[in-house]
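Residue numbers (my numbering): 34 to 336. Here a beta-carbon is modelled for each residue, glycine too, at the ideal position from N, C-alpha and C.
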């Protein structure tokens with residue numbers, strides 16, 4: 034039998050001591066410090082992969098347009114809607130009735146307004162996916178105030194396709210490639226670039242992308258006179274992506290601190306639109322991207 038005074042003794046587990054808790058917290062903090070940058074880099078890598086896919090999609094449409102138009106290249110200008118201009122590859126943002134939203138665009142501009150502009154462009158017939166026009170690493174929609182919270186991330190080089198119908202004269206130091214057959218080394222020539230031009234009146238990248246500014250042929254042998262005019266974007270771990278005329282896309286890492294500084298300044302201050310000199314960059318970098326037409330060149334280091 035069980036004695037009436039017998040008691041069951043249950044031992045409760047010991048609680049963590051303060052030192053043990055501090056050790057656990059320290060281990061978790063160390064793991065977080067290791068994992069967070071890794072996860073961030075993985076996210077950036079995934080963003081870049083999607084961006085390169087966007088380039089290839091846009092290039093596919095760009096090449097198909099030429100195939101359907103006897104080899105002629107589509108207009109390189111974005112957003113221009115005047116009668117003297119060829120139909121742009123993307124239009125200005127439009128309201129519900131298809132009307133331009135004005136200059137500058139009102140703070141009430143929405144992504145839907147921008148989608149309408151893209152959908153009225155020449156390229157839309159071939160690439161009917163608005164997400165293909167936006168780099169997932171481009172976070173202006175969440176960090177910039179309207180109307181600078183733009184959607185489209187890509188621009189076409191001024192060297193490919195004229196801006197105005199029948200106008201074959203150079204623009205900004207460029208001689209245009211008008212037809213696909215004129216492009217002798219397509220794998221070396223970039224067509225699409227990532228541009229963050231917050232100085233544009235719509236918060237979009239208007240016109241085409243060009244480097245350097247006006248100056249004529251005499252600027253070619255004088256790299257000290259070269260400057261960035263239209264800014265690039267760097268959404269991929271100090272790198273930019275480019276889409277090439279043969280349909281492939283690639284990432285190029287910027288090694289010159291001045292270039293990265295210029296990119297950051299433009300993103301923060303639209304007035305810093307141009308002015309960085311590339312004189313020392315010429316002596317430092319191997320020009321992996323060859324001159325496009327006369328003046329489009331990028332001095333980059335392949336990552």
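For residue i and residue j, I'd like the C-alpha separation in whole angstroms.
i           : j           : result
residue 128 : residue 149 : 8 Å
residue 185 : residue 176 : 15 Å
residue 222 : residue 67  : 39 Å
residue 109 : residue 70  : 38 Å
residue 158 : residue 289 : 39 Å
residue 54  : residue 65  : 16 Å
residue 160 : residue 295 : 32 Å
residue 59  : residue 271 : 32 Å
residue 122 : residue 182 : 21 Å
residue 98  : residue 179 : 33 Å
According to DSSP, simplified to helix, strand and coil, what is residue i?
i           : result
residue 94  : helix
residue 59  : helix
residue 286 : strand
residue 127 : strand
residue 133 : strand
Could you name the residues that DSSP lists as bridge partners for residue i?
i           : result
residue 227 : 187
residue 210 : 193
residue 276 : 225 and 282
residue 105 : 212
residue 242 : 190
Just mark residue i as buried or exposed, buried being the case when its beta carbon has 16 or more other beta carbons within 10 Å.
i           : result
residue 214 : exposed
residue 21  : Here the chain has residues from 34 to 336 only, and residue 21 is not among them.
residue 224 : buried
residue 216 : buried
residue 50  : exposed
residue 226 : buried
residue 151 : buried
So which of the options has the shortest CA-CA distance to residue i?
i           : options              : result
residue 191 : 52, 283 and 238      : 238
residue 282 : 242, 79, 228 and 91  : 91
residue 298 : 111, 267 and 273     : 267
residue 280 : 79, 144, 80 and 86   : 86
residue 169 : 107, 277, 263 and 83 : 83
residue 265 : 242, 145, 78 and 278 : 242
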